[in-house]
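The sequence shown begins at 18 in the working numbering and counts up one residue at a time. Glycine included, each C-beta is placed from N, C-alpha and C at the ideal position.
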Amino acid sequence: MRDSTFWLAFACWSTGGSVRDLLVKQRRQLVNMIRGLMVEFGINIPQGVVRALGLARQIAAKEAEPDLPAMAKQILGLLCGQVIDAHARLQEIDRAIIALQRTDELARRLTTSLPAFQTA
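Structure, rendered in structure tokens:
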């Protein structure tokens, strides 16, 4: 019987990558929501998911506190937590797929035949 890593990766493949795709879309939407909220108050975030995630981590850790009204700060904190969580889940799926590719011939063939799962 295969381990849970196999089944996690296989579930992603068998559903056409919809779990991974959903997380990528959610992360992008959350970053855009954070960007939109902050731009309403005159604060621009540089383009790129990496930069937005860095800012989200700083805000979530209370290392950065943008000059926003209290309600906007509360909403921003929630959005930052969600984008960090979505990114962590996406990384977990990617790590499982990569680990599986290294140890399982079927996984390597699936990855080769399904470009959406070529993570590296």
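Is there contact between the segment 77-90 and the segment 115-124, where contact requires at least three CB pairs shorter than 8 Å? Touching, no.
Collapsed DSSP secondary structure at K79 in the structure displayed: For K79, the secondary structure class from DSSP, reduced to helix, strand or coil, is coil.
What's the gap between the Cα of S181 and the Cα of I110? Shown here, the chain extends from 18 to 137; a query on residue 181 therefore has no answer.
Where in the segment 100-126 do unbroken runs of the beta strand (DSSP E), each at least 3 residues long, occur, reported from the N-terminal end onward? Counting only runs of 3 or more, we get nothing.
Can you name the start and end residues of the alpha helix (DSSP H) that I51 belongs to? Judged by DSSP secondary structure, I51 falls within the alpha helix (DSSP H) whose first and last residues are 35-57.
Which of helix, strand or coil does DSSP assign to G94? Residue state, collapsed to three classes: helix.
Look up G71 in the DSSP assignment and say whether it is helix, strand or coil. It is helical.
Thinking C-alpha only, which one of Q108, D38, I114, I76 is nearest M55? Closest by alpha carbon: I76.
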